[in-house]
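Single-structure report; data block below.
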Amino acid sequence: MPVSVTCQCGAKLEIDEKFLGKEVLCPDCQRPLPTKAPAAPPPLELPDHKRTSGLAVLSLSLSLVGAFLGGGIAGIVVGLFAIKEIAAKPGKLQGLNLARAGIITGAVGTFLLLASLVSPYVFGVDEFLRLLTYGRGVNRNLKDPIVVPVGNGEISLKRPSSGRWGIYTPPIRQNTAFQSDPLLLINTADDAFIACQDIDINLDDRNEATLMAKVLDRVRKSALLNIVGGLGRNEAPEPTVVEKKALTPEGLQEIILDIRLGGHERRLLVQYSTKDRIKAFIRVGCARRSLFERVEKDFREAFAEFRAMI
């Protein structure tokens, strides 16, 4: 393709483009013609297209979805692989911040999971599980005093002032080895229970030792222990008598028992009257041994105003 050039002498010539950049003389004045090749255009700048690393996305997803289900560790491992993959292909992959977020989220979730397993009481995990277990059967709209019918009469109990208690109605009893309790209160926050139980008394039970043995047998076979221990069709273990208080002038007998139920050491506060003649009513407070002092005040507050009318 011819290209027009103008010599210094004014002559205008057309030369083939293949001579551009080469020395060509003007036929009139013999001077070199301006045949310098045109400058090359600058390279076209195209946008840098990078795809997000799938491992980075997977890392963050695992850490978020499985934070409290053990998925945090998987999120950390996948995140490390994502960082390595992005570093190997910096011009093709992005998502470094996603991978880092997955690692951090996974680490935090794993820490909280381990901490909740080590100390479930502090983190409220065990209370949440108890709410799932007992929640539907708990009624916290309590009057004061709490009154429930028993046979042709009724029993009443002061509502603990802490406000954490509710009446628990267990599902239909299937194991006849355990006896139902006329009244059962539950404190899901502190894993504590209050029960009122009754036994019939005959002449042979007027002996203090005989009555105590009958009371302890009733406690051991109560729905309370079945519910706390999740015993099903298994028998409750024998409780250990920690302390037997001196009999009061009013005939009140108090016994402290220890027993292992539901994977925890439990302590029971048991009270009953030795002056009952037809039916004896037993008051039982049950809590984890490590938390017993925390709820003992509630037990004694409720028992102090116990009344039975039969």
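Numbered per this note's numbering, the sequence shown finishes at 371, counting up by one with no gaps.
No residue lacks a Cβ here, since even glycine has one placed at the ideal position from N, Cα and C.
Can you round the beta-carbon distance between residue i and residue j to whole angstroms, since I take them to be within the 8 Å contact cut?
i    : j    : result
F360 : L330 : 5 Å
E354 : Q332 : About 17 Å; that fails the 8 Å criterion.
K219 : A369 : In fact, because the Cβ distance is near 14 Å, the residues do not count as touching under 8 Å.
V209 : P243 : 6 Å
L154 : R112 : 6 Å
E75  : P88  : Actually they are not in contact, since the Cβ atoms of E75 and P88 sit about 12 Å apart, beyond 8 Å.
V169 : N248 : So it is not a contact: roughly 31 Å between Cβ atoms.
G163 : L123 : 7 Å
So who's on the other strand from residue i, going by DSSP bridges?
i    : result
T301 : D319
M370 : E215
V345 : A256, V331
E326 : R321
I228 : N200, L246
P210 : E215
T372 : Outside the modelled stretch of the chain, which goes from 62 to 371, sits residue 372, for which no answer is possible.
Which of the three DSSP states, helix, strand or coil, is assigned to residue i?
i    : result
G312 : coil
D37  : What the structure shows of the chain is the stretch from 62 to 371, and residue 37 is not part of that stretch, so it cannot be assessed.
N263 : coil
N287 : helix
F360 : helix
S217 : strand
L141 : helix
G136 : helix
T271 : helix
F353 : helix
N200 : strand
L245 : strand
S65  : strand
F184 : Low per-residue confidence applies at F184: pLDDT is 49, beneath 50, and the placement is therefore not dependable, though the value from the model is reported in the following sentence. Looking at F184 - three-state DSSP - the assignment turns out to be helix.
I339 : coil
E296 : coil
A72  : coil
T166 : helix
Is the beta carbon of residue i sitting closer than 8 Å to the one on residue j?
i    : j    : result
A348 : D252 : yes
S283 : A256 : yes
L322 : L286 : yes
A148 : S120 : no
D265 : T271 : yes
G136 : G167 : yes
L318 : T335 : no
V280 : V345 : yes
P231 : I288 : yes
G227 : R201 : yes
L125 : V139 : no
V276 : I260 : yes
A238 : E299 : no
T171 : I216 : no
R328 : R350 : yes
R267 : A250 : no
Should residue i be counted as a contact of the ligand NAP given a C-beta to heavy atom distance under 7 Å?
i    : result
L292 : Although the ligand NAP was asked about, the structure shown includes no ligands whatsoever.
Within the chosen definition, does the stretch 297-307 reach the stretch 334-343 through at least 3 CB pairs nearer than 8 Å?
-> The stretch 297-307, when compared against the stretch 334-343, does not touch it at the 8 Å Cβ threshold.
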